[in-house]
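>
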Amino acid sequence: MYWSSLLLTAAAALVPGAHGAATLRFSCSQLVVDRLDPLVNPGVIPSPHLHQVVGGNSFNVTMDPSVDISTTSTCTSCTPTEDFSNYWTGVLFFRARNGTFKRVNTMGNGLGFSQANGGQTVYYLSSGKVTAFKPGFRMTVGDPTFRTAAQLNAKYRYMTYTCLATDMTRSGATTNFPKGTCAAGIMVSIRFPTCWDGVNLDSPDHQSHIAYPAGAGCPATHPVSIPQVFYETYWDTRPFNDKSQWPADGSQPFVWSFGDATGYGIHGDYVFGWKGDALQRAMDANCNSDLFSNAINCPTLKTQTLQQANTCTTKRMVHEDLDGWLKELPGGMQVM
Ligand SMILES: *[C@@H]1O[C@H](CO)[C@@H](O)[C@H](O)[C@H]1NC(C)=O
Ligand SMILES: *[C@@H]1O[C@H](CO)[C@@H](O)[C@H](O)[C@H]1NC(C)=O
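Going letter by letter, the sequence shown gives residues -20 to -1, 1 to 316 in mature numbering (1 follows the signal peptide of the UniProt record, and there is no 0).
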């Protein structure tokens, strides 16, 4: 059931081709939760809103695109040890009835990665021949200012929330926050576009150099098929399922660190950092990872255990309370 829903979604985003399909799936433990954004706000410390970050430990307030981060990182929180990329998203908060905010933790994906210290599951998907990213490549998907379904649907695809009744739940995805309690947490799925202009490693809005497929293949403006980068983040909302603490008007209590209580501002950031041709090799080998174990099932890649991945963390650079019941979101982000 899981695979079929995943593949349907993935297939819709990908270009069919003569080559096989790769479904590389692995865990990246939490590297750091910090108010930094080297892609959208390079050099700005603190950045406007809080992020949860996974991947290589050269994540920093500034990340010069001319520096190959696979050569400057000394560890990665991902299980493929040649992947020093950084992957990040906003952070969920619970807003209690009394108006205070409590940060929600990420947790290991119950399907194979429950021993991970939070973070997220990362996929690289393909159907047919794809060209892996190059050092310096970066991109974002989604827009933190969006607050309506119409805004989201007009520009982006395949970014969803799944209200987990169990770890196995893979139906009923929505593009806004789930309205009721979710017994096993909330899964946030963020999928990036799969076509590249073939020239630019980045663009001023971090998105114009990539595009969604149009009809049967990539559009002429963005002719190169790239792997589909896909995150699944499990948010541990279980401690917040007491409805007596939910808003008195019956609305749902979760809000993103960028002040979004709708969910439509969902977005993700990616900085490529695989070593050498490791990602290209894995895609060319059509690696298909096991679903119910933590096996990457990709002999061409070197890997480490979840426990080893858990040991790769960085120190927070912005010192502020992230664990108490906060009067306001970090950075004073207003909920609007
Ligand atoms: C982050 O960048 C600063 C300089 O901007 C540097 O001193 C520091 O070593 C870097 N940290 C990491 C983890 O690369
Ligand atoms: C607000 O509500 C939370 C959840 O019940 C509670 O833990 C916290 O102490 C409350 N804070 C204040 C200032 O009342």
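All C-beta atoms in this analysis are idealised placements derived from N, C-alpha and C, irrespective of residue type, glycine included.
Can you tell me whether S269 sits near ligand 1, meaning its C-beta is under 7 Å from at least one heavy atom of the ligand?
For the purposes of this step, residue 269 is identified with residue 289 of the sequence shown, where counting begins at 1. No, the Cβ of S269 stays beyond 7 Å of every heavy atom of ligand 1.
> Between which two residues does the beta strand (DSSP E) carrying I206 extend?
The residue labelled residue 206 in the question sits at position 226 within the sequence shown. Segment: none, I206 is in no beta strand (DSSP E) and carries neither H nor E.
> Let me know the secondary structure DSSP gives F81 once reduced to three states.
Walking along the sequence shown from the start, residue 81 turns up at place 101. In this structure, F81 counts as strand in the three-state DSSP scheme.
> Give the single residue among D177, R171, N21, S9 whose Cα lies nearest to the Cα of C198.
The residue given as residue 198 occupies position 218 in the sequence shown. Of the candidates D177, R171, N21, S9, the one whose C-alpha sits nearest the C-alpha of C198 is D177.
> Run through DSSP, which three-state label would L(-7) get?
Taking the first residue of the sequence shown as 1, we reach residue -7 at position 14. Low confidence applies to L(-7): its pLDDT is 38, below 50, so where it sits in the model is not reliable enough to give any reading.
> Measuring only the C-alpha atoms, how far is S183 from D301?
Along the sequence shown, one-based indexing puts residue 183 at 203. Along the sequence shown, one-based indexing puts residue 301 at 321. Between S183 and D301, the C-alpha separation is close to 34 Å.
> Does ligand 1 have a heavy atom nearer than 7 Å to the CB of S38?
If you number the sequence shown from 1, residue 38 lands on position 58. True, at least one ligand heavy atom lies under 7 Å from that Cβ.
> Check each candidate in P310, S169, G152 and name the one with the smallest Cα separation from G245.
Numbered from its first residue, the sequence shown carries residue 245 at position 265. The candidate whose alpha carbon is nearest that of G245 is S169.
> Tell me, please, which residues DSSP counts as bridged to M43.
What you label residue 43 is simply residue 63 of the sequence shown in a count that begins at 1. DSSP, once it has assigned bridges, lists no residue as partnering M43.
> Taking only the alpha-carbon atoms, compute the straight-line gap between V20 and M87 and give it to the nearest angstrom.
The residue given as residue 20 occupies position 40 in the sequence shown. The residue given as residue 87 occupies position 107 in the sequence shown. Taking the straight line from one Cα to the other gives about 26 Å.
> Quick one: what's A1 bridged to in DSSP?
Position 21 of the sequence shown, counted from the first residue, corresponds to residue 1. Paired residues: S107.
> Between the alpha carbons of residue 317 and T155, how many angstroms are there, rounded?
Here the chain has residues from -20 to 316 only, and residue 317 is not among them.
> To the nearest angstrom, report how far apart G248 and I276 are at their CA atoms.
Indexing the sequence shown from 1 puts residue 248 at position 268. Indexing the sequence shown from 1 puts residue 276 at position 296. One C-alpha to the other measures close to 23 Å.
> Return yes when at least one heavy atom of ligand 1 lies under 7 Å from the C-beta of T294, else no.
As a working mapping, residue 294 is identified with position 314 in the sequence shown. Indeed, a heavy atom of ligand 1 lies less than 7 Å from the Cβ.
> So does P228 have its beta carbon nearer than 7 Å to some heavy atom of ligand 2?
Sequence index remark: in the sequence shown, residue 228 carries index 248 (1-based). A quick correction: the sequence has Ala, not Pro, at residue 228. False, no ligand heavy atom lies under 7 Å from that Cβ.
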